[in-house]
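**Student:** Next up is a structure, given as structure tokens.
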Amino acid sequence: MSESLDTDSMHRESEIDASPSPLLAGAVGQQSSDYPNPATAYGTYSSYQRMVEVRSPEPAELSGSSLSSFKKYACQFDPGSKSGRVLVMLFDRKGRPTLKEMSRHEVLRMTQEAAEPKEDATSPEDSAPLESGKMSPPMRRRSSSTAGKIWRLGLQTRVASQQELHTPVGVQRVHSRDIRKMENAFSVTNEPRIVIRKQAILISADPLRAIVLRDVCLVYVPDGADALLSVLKTKFAETARDDDAPFEFRALEALLSTLSRYFQSHYEQLSPGIVRALDSLMQGGLNSRELEKLREFKNAINEFEAQVDGVRRVLMVLLDNEEDLRLLYLTRLYNEPNLLSDLWSIDSEEIEVLIENYLQDIFSTRTKAELMQHRISNTESLVMMQLDSVRNYLLGVDVIFSIVVISLSVGTFIAGVFGMNLHSGLETADGWFLGVIILSVSIFVVMTITGTLYFKSKGVLLQ
């Protein structure tokens, strides 16, 4: 009986220990209430159109130290324009343009939908084991155990090598940061770049920023680029006539042709003004206004040359990357996803010829810009030589005047000696006045001629 009572009391004590106290329960509930629910605190996902404020659900109950730390770590951001949308121009397979406002979320969703695999296509991951199974028939197993081990080792080596050969290439999808970098406001640098993603080609080369998909091309509309857009529409209309080529190749051709035409026209606008400024400096002499124009033109041509050279470098890097060249075949990789397991079976000659064609035009424009830079540098060197010559001439004039002043000071000294109010007996003698004048003038002339000839012999005075 006593043992049963002890057992019941032990059970009651364990239940009392297991149940939380009211004070502890209240503290836990208050602590859990201090952390807001993310779904209710920040709202649902939107296309970066709202300003987000990170704050506590009960800011009035914060202490002094908590309030200061809250002010330190509170953040607000507005990633884009007030509407959160950008103006883009969409080109379809027929080259027809459509002007539209889109948010970054809509652009990202468009690229993700384009990256979805074809419904009736077999994924490269599923086809890799099938292809790896297509190997040469194994050797007939020998009777000895050593031969069996060698046979198994060779079989494992062949399977591993063939699986490695047919491993599908991992291509990343378009990320939200890639879309964000396409906008000027969020681009860290204006360096041109071409990024290859899954079923998407991202081109960022000022003033063109575009995303090429297998069936549509999205071009960001820059400010004040009506002439550029008209050229782009014309190029897309011209490339749309070639129905045999894939759409991504036609879009790349239109974009590269527009860039080449833009660089050429921009150089044609800069070169006449630069040539006139250089000719006026060579013929009209030195002028501060012309020198200021030369400085402005030099900065403009340097910026233009850097822009063209950046595009040239990007295209050269793309041509050197064999894998990226084959990933440019968006339509073919979409229709035949098994090619990701063997990219080297794709012949990249077509896209190489396309890129090299416009690379040659861009390189020609860059060469013209470099020649203009050399001409500006030569003119600048000649102007500096003229300025040095003028400075040397002024220094020579200063030396001559210094010699003249020294010679006059000798004559002034002689005149001062004879003009002192002291009796020497010469003031009443005849002929001394004329003699002193002749002596002073002779000393002046001799010192001036001697000093000039001496400095000329030393090379200080240039003829």
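First residue of the sequence shown: 2, per our numbering; consecutive thereafter. C-beta: ideal position from N, C-alpha, C; glycine also. Just so it is clear, the structure is predicted and the values come from calculations on it, not from any experiment.
Less than 7 Å separating the beta-carbons of residue 89 and residue 103?
**Tutor:** yes
**Student:** Grouping DSSP H, G and I as helix and E and B as strand, with all else coil, what is residue 427?
**Tutor:** coil
**Student:** Enumerate in chain order the residues of its own chain whose CB-to-CB distance from residue 215 is below 8 Å, with the five nearest sequence positions on each side excluded.
**Tutor:** 115, 200, 247, 248, 249, 331, 332, 335
**Student:** Using the three-state DSSP reduction, which class does residue 101 fall into: helix, strand or coil?
**Tutor:** strand
**Student:** What did DSSP end up calling residue 281 once you bin it into helix, strand or coil?
**Tutor:** In this structure, residue 281 counts as helix in the three-state DSSP scheme.
**Student:** Along the beta strand (DSSP E) that carries residue 212, what are the first and last residues, could you check?
**Tutor:** 209-213
**Student:** The beta strand (DSSP E) with residue 231 in it runs from where to where?
**Tutor:** Note, residue 231: premise wrong, no beta strand (DSSP E); alpha helix (DSSP H) at 227-240.
**Student:** Compute the Euclidean distance between the alpha carbons of residue 278 and residue 295, then round it to the nearest angstrom.
**Tutor:** When rounded, the distance between both Cα atoms is 6 Å.
**Student:** For the alpha helix (DSSP H) containing residue 385, list its first residue and its last residue.
**Tutor:** 350-419 is the extent of the alpha helix (DSSP H) around residue 385.
**Student:** Classify residue 261 as buried or exposed, calling it buried when 16 or more other Cβ atoms lie within 10 Å of its own Cβ.
**Tutor:** buried
**Student:** Report the rounded CA-to-CA distance for residue 182 versus residue 268, giving the unit in angstroms.
**Tutor:** 28 Å
**Student:** Helix, strand or coil: how does DSSP classify residue 90 here?
**Tutor:** Looking at residue 90 - three-state DSSP - the assignment turns out to be strand.
**Student:** Does DSSP put residue 205 in a helix, a strand or coil?
**Tutor:** It is a strand residue.
**Student:** To the nearest angstrom, how far is the alpha carbon of residue 322 from that of residue 356?
**Tutor:** 13 Å
**Student:** Tell me whether residue 434 is buried or exposed, calling it buried when 16 or more other Cβ atoms sit within 10 Å of its Cβ.
**Tutor:** exposed
**Student:** Tell me which residue opens and which closes the beta strand (DSSP E) that residue 335 is part of.
**Tutor:** Run containing residue 335: none in the beta strand (DSSP E); it sits in the alpha helix (DSSP H), 331-336.
**Student:** Three-state secondary structure (DSSP) at residue 347?
**Tutor:** coil
**Student:** Can you find the residues in the same chain that come closer than 7 Å, C-beta to C-beta, to residue 173, ignoring five residues on each side of it along the sequence?
**Tutor:** 198, 199
**Student:** Find out if the Cβ-Cβ distance for the pair residue 275, residue 305 is shorter than 7 Å.
**Tutor:** no
**Student:** Does the region 391-409 come close enough to the region 376-383 to have 3 or more Cβ pairs within less than 8 Å?
**Tutor:** Judged by Cβ distances under 8 Å, the region 391-409 makes no contact with the region 376-383, as fewer than three pairs qualify.
**Student:** Kindly identify the DSSP beta-bridge partner or partners of residue 309.
**Tutor:** Per DSSP, none; premise fails for residue 309.
**Student:** Tell me whether residue 461 sits in a helix, a strand or coil according to DSSP, three-state version.
**Tutor:** coil
**Student:** Using the three-state DSSP reduction, which class does residue 287 fall into: helix, strand or coil?
**Tutor:** coil
**Student:** Can you pull the DSSP bridge partners for residue 268?
**Tutor:** Per DSSP, none; premise fails for residue 268.
**Student:** Say whether the region 378-393 touches the region 281-293, bearing in mind that this needs 3 or more beta-carbon pairs closer than 8 Å, one atom from each stretch.
**Tutor:** yes
**Student:** Under the three-state reduction of DSSP, which class applies to residue 181: helix, strand or coil?
**Tutor:** helix
**Student:** State the beta-bridge partners of residue 221 as determined by DSSP.
**Tutor:** Per DSSP, the beta-bridge partners of residue 221 are 89.
**Student:** Please identify the residue among 456, 373, 312 whose C-alpha is closest to the C-alpha of residue 397.
**Tutor:** 456
**Student:** What is the rounded straight-line gap between the Cα of residue 100 and the Cα of residue 342?
**Tutor:** 38 Å
**Student:** Does the distance from the C-beta atom of residue 180 to that of residue 319 stay below 7 Å?
**Tutor:** Taking 7 Å as the cut-off, the Cβ atoms of residue 180 and residue 319 do not count as close.
**Student:** Looking at C-alpha atoms only, which residue of 252, 96, 451, 282 is the closest neighbour of residue 382?
**Tutor:** Residue 382 has its Cα closest to that of 282, out of 252, 96, 451, 282.
**Student:** Where does residue 196 sit, in a helix, a strand or coil, going by DSSP?
**Tutor:** strand
**Student:** Determine the direct distance from the alpha carbon of residue 309 to that of residue 292, and round the result to whole angstroms.
**Tutor:** Those two C-alpha atoms are separated by around 26 Å.
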